[in-house]
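Engineer: Below is the structure I would like to discuss, written out as structure tokens.
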Amino acid sequence: MISTSTDQVARVLILRDQPERARTILARIYPSAIPSQLDKKVDEMVHSVQADSTFGQASLRQKLHKLFYIGSNRRALGKSIHCLFCAG
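Count along the sequence shown starting at 1, add 1041, and that's the number in my numbering.
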């Protein structure tokens, strides 16, 4: 099992524009990973961080559009609302 906090260390390093240090951390987390797998994981994390920062700059209208018009987001929203009513 991978520790979430260790994964977050790599993400923070990417946020600080230190992908090589993040790759070193990931190599410790995944000791059997080959270099291309580590590179792919770092690339995925970089894209995720960029997407998160782009989402933070989006207008409320753009955020609502993503929430309601992207199928996977809409399904997740529906399940969350369902859980809220079922828990009460």
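We treat Cβ as the ideally placed atom computed from N, Cα and C, and that holds for glycine.
1) What are the start and end residues of each continuous alpha helix (DSSP H) run of 4 or more residues lying completely inside the stretch 1043-1074, in chain order?
2) Would you mind working out which of Val1090, Gln1103, Ile1075 sits nearest Asp1058, comparing C-alpha positions?
3) Please state whether the Cβ-Cβ distance between Ala1117 and Met1086 is less than 8 angstroms.
4) With DSSP collapsed to three states, give me the class of Ser1100.
5) Using only alpha-carbon positions, find the residue among Ser1094, Lys1107, Val1083 that is nearest to Leu1054.
6) For Ile1122, does the three-state DSSP call read helix, strand or coil?
Structural biologist: So, from the data block:
1) If we require 4 residues or more, the alpha helix (DSSP H) runs fully inside the stretch 1043-1074 come out as 1045-1056, 1060-1070.
2) The shortest C-alpha to C-alpha distance from Asp1058 to any of Val1090, Gln1103, Ile1075 is the one to Val1090.
3) Going by C-beta atoms, Ala1117 is not nearer than 8 angstroms to Met1086.
4) When secondary structure is reduced to three states using DSSP, Ser1100 falls in the coil class, being assigned neither helix nor strand.
5) Per the Cα distances, Val1083.
6) Note: Ile1122 maps to helix in three-state DSSP.
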